[in-house]
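For reference, the structure discussed in these notes is given below.
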Amino acid sequence: MTRLLAMAGYVYQSAAAIVLIFAISHLLPAADYTSFSLALASSQLLCVLMFEWLQLAGLRFLAAAGENEAARLRWSLFAAGLSSAGALVVVGSSASMASALPAGIIALGLGISVLQGLTDLYFLSVRLSDRLGVASSLLALRATALLAGAAVGGAISGTAEAALLGIASGHMLGLVAGLVSYRTPLERASLQAMLTDWKTFARYGMLAAGASVIHLSVPVLLRVIIIGRLGATGAGAGFSIALDLLQRPFWVLNAAIHTVSYPELVKDFEHGTAVKSVQSARRMFEFMICTTLVLLGGLVAFIPDAARILVPRESLDGFLSTAPVVAAFYFLHTHLQATIAVVPHLEKLATRLVLVAAGQLVIVAAVALVAVWAGLSPRQAVGCASLATFATIVVALRPTLRFEAFPRWSLVMQALVAAILIGSLGSMPTEPATWLAGKIAIAAIATAVIGWRGDFLMLARRS
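Using the working numbering, read the sequence shown as starting at 4 and increasing by one per residue.
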């Protein structure tokens with residue numbers, strides 16, 4: 004039951020993030036929203052650059068550690084996190100002198116990176132202390148605080164700086180709430196032991212985090228290439244909204260599945276039999292593939308309806324023209340970054356992760372530049388990036404195939420049929436309200452059937 008509630012908490016986070024994007028796009032002018040979007044994306048990139056190595060190392064090593072060892076590892080993890088935060092402030096402040104962005108936006112972006120990194124690290128330690136319910140509640144609280152803070156800042160001032168200040172305040176509230184609600188057990192480590200832990204974290208975590216940074220750079224680079232052509236216009240803002248909006252559901256769903264399933268998979272891989280670890284991996288792959296397929300169908304079906312109500316008029320055409328292909332791109336991008344990377348993470352093949360991510364970045368950048376140079380539309384350019392990402396997936400499949408944790412393909416095909424059915428509902432009218440209710444009912448039934456066929460609800464209740 005706790006895991007089911009955790010999944011619901013992640014769904015709530017996704018919904019809050021979607022509402023935040025729609026709200027800020029209304030509260031800020033198109034030019035300010037473009038600046039807000041770019042600053043927020045840059046802060047996410049910095050956060051991954053400085054803290055992702057600790058997130059990945061903590062998840063990989065804490066999940067398999069005994070109680071006493073875990074307490075020592077947490078001490079080393081938090082010490083490394085504070086060191087990374089200090090380095091980010093120093094280096095970021097120095098580098099900002101060469102930037103053309105306003106100093107206020109740069110400072111807020113750095114602050115958001117630090118606060119998000121430290122908060123995520125603490126929430127991870129809570130989750131891996133067998134407090135999944137507490138961790139999911141804290142994540143939901145932070146999502147609410149981020150939405151409220153950004154909306155209040157945008158409504159009062161109507162500037163990118165005010166909205167970013169609200170985001171920073173939401174992260175601060177989440178960190179304080181985490182510290183108050185649960186104190187994770189710590190054991191003070193000697194300097195020598197801490198340095199040994201840092202070396203272990205860095206050997207695996209930095210390479211794995213490097214892969215995450217490169218993967219995160221792909222949509223950022225795609226944004227820069229296409230916005231460079233469109234400029235700070237309504238069409239550019241619509242494309243930015245699509246990039247901001249449609250990555251969130253996939254990212255949050257992937258994070259939810261990893262949160263509830265990956266620690267147990269690590270334990271089975273480290274301490275269980277080979278058969279048990281393969282079974283755990285297979286269930287996780289089924290969970291990820293089937294749920295994201297259904298999610299893709301739902302986005303194609305319902306996001307246009309919501310957009311006509313919530314997206315500003317000057318940005319609507321740019322959003323509607325690119326949203327479906329952006330959703331397909333993020334579907335593929337998520338599976339390359341997450342699903343295809345599960346086995347390399349288990350086997351600590353971090354160098355391979357970096358090579359795969361670098362390969363995707365190079366090929367996506369190349370095809371996007373060629374598409375823009377050839378005068379193709381943003382939709383066509385993102386379509387080319389999607390094909391490049393799919394090609395990278397095919398090349399990167401070898402470790403996963405060797406592990407032989409094959410999902411039930413009959414179940415995957417059923418999920419694909421359900422996704423196509425749900426996606427086709429986008430062609431149906433939404434007025435009168437009975438039509439919209441019928442579409443929602445059909446989508447809900449199809450989703451429930453896949454959940455039942457895959458036994459995902461039972462999976463969520465297993466301890």
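Beta carbons: idealized from backbone N, C-alpha and C, even for Gly.
Model, not experiment: these values are computed from the prediction.
query, result
"Alpha helix (DSSP H) segment containing Thr295, residue limits", "Ala277 to Leu313"
"CA nearest to the CA of Leu182, picked from Ala369, Ala138, Tyr207 and Gly157", "Ala138"
"Three-way DSSP call (helix, strand, coil) for Asp200 in this model", "helix"
"Closest by C-alpha distance to Pro266, when choosing among Ser132, Ala196 and Ser140", "Ser132"
"Cα-Cα separation, Arg130 to Tyr207", "21 Å"
"Backbone secondary structure at Pro228 - three-state DSSP", "Checking the sequence shown, residue 228 turns out to be Ile, not Pro. Here Ile228 sits in helix by DSSP."
"CA-to-CA distance, Trp438 to Ala399, given in whole angstroms", "43 Å"
"N- and C-terminal bounds of the alpha helix (DSSP H) containing Glu347", "Going by the sequence as given, residue 347 is Pro instead of Glu. Val345 to Leu349 is the extent of the alpha helix (DSSP H) around Pro347."
"Pro188 - DSSP class collapsed to helix/strand/coil", "coil"
"Span of the alpha helix (DSSP H), counted from its first residue to its last, around Thr147", "Leu135 to Ser160"
"Beta-carbon proximity check, Ala384 vs Asn257, cutoff 7 Å", "no"
"Alpha-carbon spacing of Tyr13 relative to Trp254, whole angstroms", "10 Å"
"Nearest-angstrom Cα separation, counted from Glu72 out to Gln195", "15 Å"
"Val278 beta carbon less than 7 Å from that of Leu52", "no"
"Outcome for His274 when other beta-carbon atoms lying within 10 angstroms are tallied against a minimum of 16", "exposed"
"Beta-carbon spacing of Ser324, Ile244 below 7 Å", "no"
"Member of Gly161, Ala259 and Val345 whose CA lies at the smallest distance from the CA of Leu404", "Val345"
"Under the three-state DSSP convention, the category Val370 falls into", "helix"
"Rounded separation between Thr236 and Ser40 - CA only", "Because Thr236 carries a pLDDT of 49, less than 50, the predicted location of this residue cannot be relied on, and no value is offered for it."
"Extent of the continuous alpha helix (DSSP H) to which Asp458 belongs", "First-last for Asp458: undefined, no H or E at that position."
"Contact under 7 Å by Cβ, Glu164 with Gly107", "yes"
"Contact belief for Leu111 with Ala171 at Cβ below 8 Å, rounded distance in angstroms", "6 Å"
"Option in Ile448, Ser128, Leu313 and Ser264 with minimal Cα separation from Leu23", "Leu313"
"C-beta atoms of Ile453 and Val303 nearer than 7 Å", "no"
"Top-ranked residue by Cα proximity to Trp78, from Leu142, Phe204 and Ala33", "Phe204"
"C-alpha gap between Arg382 and Ile229, whole angstroms", "10 Å"
"Segment contact, 8 Å Cβ cut-off, at least three pairs: the segment 404–418 with the segment 363–370", "no"
"Ala408 versus Ala368, Lys442, Met197 and Pro347, residue with shortest Cα-Cα distance", "Pro347"
"Rounded C-alpha distance that separates Val157 from Ile27", "It should be noted that the sequence gives Gly, not Val, for residue 157. Distance between the alpha carbons of Gly157 and Ile27 is about 7 Å."
"Contact set for His174: own chain, Cβ-Cβ below 6 Å, skip 5 residues either direction", "Leu118, Gln119 and Thr122"
"Local conformation of Phe54 per DSSP, three classes", "helix"
"Proximity to Ala66 [Cα-Cα], best of Leu135, Gly89, Met291 and Ser38", "Leu135"
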